[in-house]
Every structure is written in C-alpha cells, then in structure tokens.
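Engineer:
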Amino acid sequence: MPNSTKAYISELRNHVGQQVTLAGWLYQARSSGKIQFLIVRDGTGLCQCVVEKGKVPDELFEKLRHLGQESSLTITGTIRADQRSVGGYELVVTDAQIISPAEGYPITPKSHGVDFLLKHRHLHLRSQRQWCIGKIRHTVIDAIRRFFNDNGFILIDTPIFTTIVGEDQQSLFEVDYFGSPLHLTQTGQLYLESAAMSFGKVYCFGPTFRAEKSKTRRHLTEFWMVEPELAFIDLDGLLELAEDFVSFITTQVLQNNKSQLETLGADIEALERTKPPFYRVTYTEAVEILTGQKTADFLSEQLSQLKDQKQQLESRIASLEEEQKGQIKQWKRDKNAVELIELRVEIDEVSTKIENNPKHAKLAAEFQWGKDLGGSDETIISQMHDKPVFVTHYPKEAKAFYMKTDRDNEKVVLNFDLLAPAGFGEIIGGSVREDDYDRLVTRIREQGLNVETYNWYLDLRKYGSVPHGGFGLGVERTVAWLTGEKHIRQCIPFPRMMDKVYI
Ligand code: 4AD
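For the sequence shown, my numbering gives the first residue as 1278, with consecutive numbering after it.
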C-alpha cells in the first residue's frame, strides 16, 4: 500500500494527518446510509474508522457494511484528532482488506449472563472490560516483580508438588504421584523460609491451589500469590514493607492504567489515598469494632440507603418498561433493553445485600473473641475505613501452626491480615514465624500434623534459627480491589472455581 505506515492504535497521536494502516478486528459497527462508523480494536486500543460512500470503491463500501463483528481486517486511511471519538483519534478510510470474515459472533454488544460469558471466556477476553482488567493485571504483576527485584529480594521458585501441609488440611488437592499421595502447594512459604536463611530476603511468585469448598466472590481454587520472606524482621517491619509494597502497586496502576480504571468505573480517588501509613488495629480492637454501637448504627444506615437505592432502581425499571410498550425507534428500544438487563442485575445485587445486612449485623454483634474473622466481618471492618487496614495479633487457635506466639500475650500470634478498604476485604495474610524448635514441634502436634514430614522445616530452627517472617498477597484479590470488580473470577484470564472449570 503506497505511503501507508503500519501503526498501532495506541500510537495514533504520532500520526495525525498521515496515512496509516491498522490491523485488527471489527469491534462494533454503525451505519447510516452513506456513512459507516467502524470501531476497530487492535489489542492496543479502539479506533473509530469512518467510511464515506464515494470515498472508497462501492464494492468495498458494501462489503464493509455487511462485515460481521470480530471479522479480522486491515484498514487504511488518514488520521485526524477528534475528541468525541473513542481514543481521541479517527481514521478516515481510503482502503481495507478483509483477512477473515466472522459471522454470528456469539457475544454481541447486548448484555449476557455471567454463565454464558464464562463459557465463552476464550472470546470474552476480547471484550473491553476483560481487556481493561487484563492490562491492569499485567501492571500489578510487573509492579510486584519490580518492587522485590529493586529492593534486593532474590526470586526463589518453590515447588508445586509438595508433601507438607502449608496452611490447613481441609483445602488440599491430592495428587497421585507415581503411586504415592502428594498435594498441590497451598503456599511456597515453608520452602521460602529455608531460602531466607541462605539469601536473607527472598520471594516466590506462582500459582497456588486451595480445595476450598466456598463459592464466594473472593475464592478461587487456583490463584496467583506472591510471597516475600525475610530473615531478621519483626511484625512492625513486615507491616511497613506491606504498606510500601501495596502503595507501590497502586501508584504503578494509577500511572499506567488511568484510562482503563476510568472505563471500569474504579474509585480513582480512593486509590490515590492509598499511601502509608495504613490503619492498624489489633484483632481484639476489631472485635470491639464489630460488637460496638457504632457498627450497629453504620449497618442500619447502610440498610436504609440500600432500600432507597432499590426503590430508585424499581422506578427506573418501571419507566423503561412503560417506554418499551409505546412507539419508539428501534435503536432506542435496543438501548432500553440493554439498560433493563443491567438494571435487573443491579437490583438482584442490591436485594441480596438487603437480605444479608441483618444477618451480617447479627454475626458482628454476637462475634466471640477467639474465632477467625469471617468474610462479612472483614467486609464490615474494611467498609468502615477509607484506606487499607491492618488487623494484627489474632488468637493462636484461629491461625496456622507456623505463626509465632506473642511472648507478651501467649493467647495471640504475631500476624496480620491487610484488608483493602470500602468493603473489599483481605488481600494479604502474613506473620512472624515461630523460630523456637520446641514450641514449633508442639504447635505442629497440636494441629494434628505429622511431625516427621516437617523434619527438614524443623532443621531451620536447629541450625542458626533467627527471627523471620513474611506475607502473601493474592493477585486476583488485589486486581479486584483496584478495578472495583465484584468477583475475583473476572480478574484471572481462565478462572478455576469449586464447581466450575469452564474452559
Ligand atoms: O492468608 P493466606 O492463606 O496466607 C498464606 O498462604 C501465607 N502462607 C502467606 C505467607 O505468609 N507467606 O493467603 C494469602 C493471600 C490472601 O490474603 C488472599 O489474598 C490470597 O492469598 N488467597 C486467595 N485468593 C484467591 N482465592 C483463594 N482461595 C485464596 N486464598 C488466599
């Protein structure tokens, strides 16, 4: 093609006034007789391409008019800046080549149910929402590696097949390993502790498996976790590291993905507030918050807001349904139909919250010291904070065997969970590790675990034991919090859940 440069949509600002060729897929099309607006995506962004009758051969004009969604093509034309256009630039088409026409693409611009989209995840990844989330996930993972690599941590790849129980016995995935039972890793932490005694500061980053029989919006059976581990560190040191780390990730996403955050409707102001110091409360204080009057008032105020919201949604639905009965243009009818689907999803969510509110309020009011915080308890505490909040010093009985007991209060351990704000809940769990040989043996026995299998782990307490600790951050939960996505299944390309592995 003479005088035409191949260009990516993300670089169009450098090509204003020039003739370029884009290679991509037809995302959406709109036509009004003599003019067609084709939205093309090329993996780097979206660009509106304007095809005017008379400016391209009639045969091409007709071909483009009948081109199906997701057909692949190259498209050539002149770039002009246009603030109203998606991405801010427009291509005035002079030529196009269809690479592979697509017909009957199953995901149309209309709304689809969650199940349908999960079954079509291989195609749904092309949607604007999934694209935005994927770009943000990429930044999060890049920021994770950068933070640790630039701060003197050594990457240690820990095994996926393992003989030891890292967290709890209930959520193990058993594997037949040449006739012997093994399981998939729940955490790389125990191996990392060994590496920390060699390198000082280490991290592992990989897929993690939990056979958790919970179908909540926060649980996957396969998720990605990054775990740093440091020799010679105490709880305060860990909290400082965690807040610097989470702030770094947030800053990177704000710097690199502002437009994706906007498209997703994320709360950018809240992310900008994510700067050290984060809030710090002990578990005992958290229990006081849960059982206190302030929380009861907060939840009852929330209930009345939800009821108002439901009423507003109902009246909007009623007025749209009324409009649909009358004589309106087809485009308006289609637009209303899409809005109705979305409003019904929203009203279902609000109704569930209205139903759950009194149950969660009761659970909170009756919370007994000693239990682990449940999902709804975490939600309440994090809803009451506008920045991430550390909850520290949990009861020993509620936590894993490897956590160090607080020598000033043997009922609790030196651990923390980091709860993301605005109701999102836990994104990090971490602790100082028990470094005393005899105490660790006792804890392993108390939890009904086989001491033999931990011999190598116990060796670390025999040969130059030192205070040490670390934490684990779940990638999907972090991405869900940053993007405002309600369910973490949207934050991994191919999610695995308890009852569903779609593709
Ligand atoms: O709190 P957890 O279980 O901590 C550990 O695994 C420690 N060994 C980490 C350490 O100290 N090195 O899990 C850490 C994080 C959670 O805060 C959460 O973000 C994520 O991993 N996570 C899950 N994410 C998705 N689905 C699940 N089923 C998850 N379970 C934990």
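All residues carry an ideal CB built from backbone N, CA and C; glycine is no exception. Because the structure is a prediction, the values reported are computed rather than measured.
1. Could you give the DSSP three-state label for residue 1557: helix, strand or coil?
2. Should residue 1498 go down as buried or exposed, given a rule of 16 or more other Cβ atoms within 10 Å for buried?
3. Roughly how many angstroms separate the alpha carbons of residue 1418 and residue 1406, rounded to a whole number?
4. On the DSSP bridge list, what partners appear for residue 1749?
5. I want to check one thing, is the minimum distance from the CB of residue 1705 to the heavy atoms of the ligand 4AD below 7 Å?
6. In chain order, what residues of the same chain lie with their CB nearer than 6 Å to the CB of residue 1316, ignoring the 5 residues before and after it?
7. I think residue 1290 touches residue 1313, with their Cβ atoms under 8 Å apart; what is that distance to the nearest whole Å?
8. Verify whether the separation of the beta carbon atoms of residue 1495 and residue 1773 is less than 8 Å.
9. Verify the contact flag: residue 1738, CB atom, against every heavy atom of the ligand 4AD, threshold strictly below 7 Å.
10. Using a Cβ-based criterion (distance less than 7 Å to any ligand heavy atom), does residue 1502 qualify as near the ligand 4AD?
11. Ordered along the chain, which non-local residues of its own chain (more than five positions away) have a Cβ less than 8 Å from that of residue 1762?
12. Give a yes or no on whether the C-beta atoms belonging to residue 1709 and residue 1691 are separated by under 8 Å.
13. Does residue 1281 come out as helix, strand or coil in the three-state DSSP assignment?
14. Relative to the C-alpha of residue 1283, which residue among 1727, 1737 and 1300 is closest?
15. When you compare only the Cα positions, how much space is there between residue 1293 and residue 1363?
16. Which class does residue 1370 belong to by DSSP, given the choice of helix, strand or coil?
17. Just to confirm my understanding: we take residue 1281, look at its own chain, exclude 5 residues before and 5 after, and list those with CB closer than 7 Å. What are they?
18. Can you tell me whether residue 1534 is buried or exposed, with buried defined as 16 or more other CB within 10 angstroms of its CB?
19. Indicate the three-state DSSP secondary structure (helix, strand or coil) for residue 1488 in the structure shown.
20. So, helix, strand or coil for residue 1388, using DSSP?
21. Is the segment 1368-1384 touching the segment 1604-1615 in the sense that three or more CB pairs, one from each, lie closer than 8 Å?
22. Identify the residues that DSSP records as bridge partners of residue 1354: which are they?
23. When the distance is taken between beta carbons, is residue 1568 closer than 8 Å to residue 1644?
24. Taking residue 1738 as the reference, which of 1412, 1327, 1365 and 1473 has the closest Cα?
25. Report the rounded CA-to-CA distance for residue 1346 versus residue 1302, giving the unit in angstroms.
Structural biologist: Short version:
1. Residue 1557 carries a strand assignment under DSSP once its states are collapsed to helix, strand and coil.
2. Around the beta carbon of residue 1498, 16 or more other beta carbons sit within 10 angstroms, so the residue counts as buried.
3. About 18 Å.
4. Under DSSP, residue 1749 shares a beta bridge with 1706.
5. Yes, the ligand 4AD has a heavy atom inside 7 Å of this Cβ.
6. 1304, 1305, 1323 and 1325, listed in sequence order.
7. Distance from residue 1290 to residue 1313 at the Cβ level is roughly 24 Å; contact not present, criterion being Cβ atoms closer than 8 Å.
8. The answer is no: Cβ separation not under 8 Å.
9. The beta carbon of residue 1738 sits no closer than 7 Å to any heavy atom of the ligand 4AD.
10. Shortest gap from the CB of residue 1502 to any heavy atom of the ligand 4AD: under 7 Å.
11. Correct list, in chain order: 1410, 1541, 1756 and 1768.
12. Taking a C-beta distance under 8 Å as the contact criterion, residue 1709 and residue 1691 qualify as a contact pair.
13. DSSP, read as helix, strand or coil, puts residue 1281 in coil.
14. The closest CA to that of residue 1283, considering only 1727, 1737 and 1300, is found on 1300.
15. Cα-Cα distance, rounded: 15 Å.
16. Of the three classes helix, strand and coil, the one that applies to residue 1370 here is strand, per DSSP.
17. Cβ neighbours of residue 1281 within its own chain (closer than 7 Å, five residues either side excluded): 1296, 1297, 1298 and 1353.
18. Under this definition residue 1534 is a buried residue.
19. Here residue 1488 carries a coil assignment [DSSP, helix/strand/coil].
20. DSSP, reduced to helix, strand and coil, places residue 1388 outside both helices and strands of the structure shown, so it counts as coil.
21. Segments in contact, no.
22. According to DSSP, which records beta bridges pairwise, residue 1354 is partnered with 1297 and 1370.
23. Here residue 1644 is near residue 1568, since their CB atoms are less than 8 Å apart.
24. Cα-wise, what sits closest to residue 1738 is 1473.
25. Linking residue 1346 to residue 1302 through their CA atoms gives a straight-line distance of about 8 Å.
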